[in-house]
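For the sequence shown, this note's numbering begins at -3 and goes up steadily by one.
The C-beta atom is built at its ideal place from N, Cα and C for all residues, glycine as well.
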Amino acid sequence: MWFGRLSRCPVLLGRAQSTLSQLRGILEGELQSIREAGTWKSERIITSKQGAHITVQGKHTGILNFCANNYLGLSSHPEVVRAGHEALEEYGAGLSSVRFICGTQNIHKRLEEKIARFHQREDAILYISCFDANAGIFEAMLTPEDAVLSDELNHASIIDGIRLCKANKYRYKHMDMGDLEAKLKEAQKHRLRVIATDGVFSMDGDIAPLREICDLAKRHNALVFVDECHATGFVGPNGRGTDELLGVMDQVTIVNSTLGKALGGAAGGYTTGPKPLIDLLRQRSRPYLFSNTLPPAVVGCAAKALDLLMENNAILQSVAAKTARFRTKMTAAGFTISGKDHPICPVMLGDARLASVMADDMLEKGV
Ligand SMILES: Cc1ncc(COP(=O)(O)O)c(C=O)c1O
């Protein structure tokens, strides 16, 4: 109706068109500046399942794929895929609802229990992504009386989650314990202090010094929150994560992580930690309350991935051996690989444009 009236009014129609062309001009300018900076992100289209060998649209088949967070190769694992099919058959495509209205099935509750058991925490809550888990936790948990201390290189979703909350914000230099301690001292005036860090930083694969962070937290009465997206399933002796690797599982209060990388790679995220926190998130966390339930097929895949991991850690050992081999051979060939031990092995060329050109050339060579 509104459009009907607008289309009959030439003055309003003309104004709307000129505003639209103004928007187009602004957007084109922005796009051009991204192209000129050499940071344009183009998406390669894969026409096969995710895996070590993939097909890329066009002429490329059997491409050797080094570019995914499919750390354990479970994204296309036959048992994981079968579990997804079974859940789809039994529970349908989706709930057409948010969790608290009419969207919780027994498989969602079972997966939450399994996640809590895996991480040895009291309870867990599922989200449609870890981005949402990070976006929803700080605002629900912290008030203007509290403080959050965040590593400057934390993932964008942690930064956004912190932006949304009303707590006092402190940003410490990347993995700089001196700076964190100074900020903790400054933050003593607040009721609660939460230190927020990635367990593994995804750009360089560097591992947060969680032992030192937990020591500082103890000394300055703070809680520790860790995003384990690049650790869950494959870091630590049993794949529990950075906190297991560094022996501080009992000192990290809250873990957020994803089902969209090592744990089947479909989608989904979660928070695991103290039961009253999880209870509060079910009442207050906006991405949980106002977004659809995780689809049953995704739940089925993730639950099976966790079963496989809890049954034995052979897959885990295989990724560690492959990582060591890749790092050793690439270093011997003269490349600089940043990070240490982690399967994120960034080959540092020191120039974004060159990296992009080299990636295109490698694709021509089948890598
Ligand atoms: C450290 C970190 N946190 C959170 C996320 C978001 O996870 P999800 O893909 O489940 O939204 C990512 C994904 O790239 C990540 O790397």
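Between residue 261 and residue 71, the C-beta gap is smaller than 7 Å, which places the two residues in contact. For residue 97, the enclosing alpha helix (DSSP H) has its first and last residue at 95 to 98.
Using a cutoff of 6 Å, the CB of residue 225 counts as near ligand 1, since one of the ligand's heavy atoms is closer than that. The secondary-structure analysis by DSSP pairs residue 60 across a beta bridge with 49. Per the C-alpha coordinates, the member of 275, 126 and 198 positioned closest to residue 256 is 126. The continuous beta strand (DSSP E) containing residue 146 extends over residues 143 to 147. In the displayed model, residue 157 falls within a helix according to three-state DSSP. The way I'd put it, the segment 89 to 97 does touch the segment 284 to 294; three or more beta-carbon pairs between them come closer than 8 Å. By the criterion of a C-beta distance shorter than 7 Å, residue 169 is surrounded in its chain by 148 and 175, once the five residues flanking it on both sides are discounted. Secondary structure in the segment 220 to 295: the alpha helix (DSSP H) runs of 4 residues or longer, each lying completely within the stretch, are 238 to 241, 271 to 280 and 282 to 285 in chain order.
Cβ-Cβ separation between residue 196 and residue 210: approximately 16 Å, too far for a contact (criterion under 8 Å). Annotation for residue 113: the continuous alpha helix (DSSP H) segment containing it runs 102 to 115. As computed with DSSP, residue 122 is found in a beta bridge with 266. With respect to residue 123, residue 265 sits close: the two C-beta atoms are nearer than 7 Å. Beta-bridge pairing by DSSP links residue 193 to 222. Approximately 4 Å separates the beta-carbon atoms of residue 163 and residue 138; this is inside 8 Å, confirming the contact. Between the segment 336 to 352 and the segment 30 to 37 there are three or more inter-stretch CB-CB distances shorter than 8 Å, so the stretches are counted as touching. With a threshold of 6 Å, the Cβ atom of residue 198 counts as near ligand 1, since some heavy atom of the ligand is closer than that.
The shortest C-alpha to C-alpha distance from residue 245 to any of 222, 189, 301 and 316 is the one to 222.
Judged by the Cβ position, residue 194 qualifies as a neighbour of ligand 1 at the 6 Å threshold, a heavy atom of the ligand being closer than this.
Looking only at 141, 142 and 135, the smallest Cα-Cα distance to residue 153 is reached by 135. Assigned with DSSP and collapsed to three states, residue 203 falls in strand. Not one heavy atom of ligand 1 is found less than 6 Å from the C-beta of residue 261. For residue 165, the beta-bridge partners assigned by DSSP are 144. Between the segment 303 to 310 and the segment 227 to 236, the count of C-beta pairs closer than 8 Å reaches three or more; the two stretches touch.
Measuring C-alpha to C-alpha distances from residue 217 to each of 118, 253 and 177 identifies 177 as the nearest. Bounds of any alpha helix (DSSP H) do not take in residue 343, whose DSSP letter is neither H nor E. Distances between the C-beta of residue 254 and the heavy atoms of ligand 1 include at least one below 6 Å. Between residue 339 and residue 273, the alpha-carbon positions lie close to 32 Å from each other. The criterion of a C-beta distance shorter than 7 Å is satisfied by residue 50 and residue 42. Following the DSSP letters along the chain, one finds residue 171 in no alpha helix (DSSP H), marked with neither H nor E. Around the beta carbon of residue 151, a 10 Å sphere encloses 16 or more other beta carbons of the protein chains shown; the residue is thus reported as buried.
For residue 330, there is no enclosing alpha helix (DSSP H), as DSSP marks it with neither H nor E.
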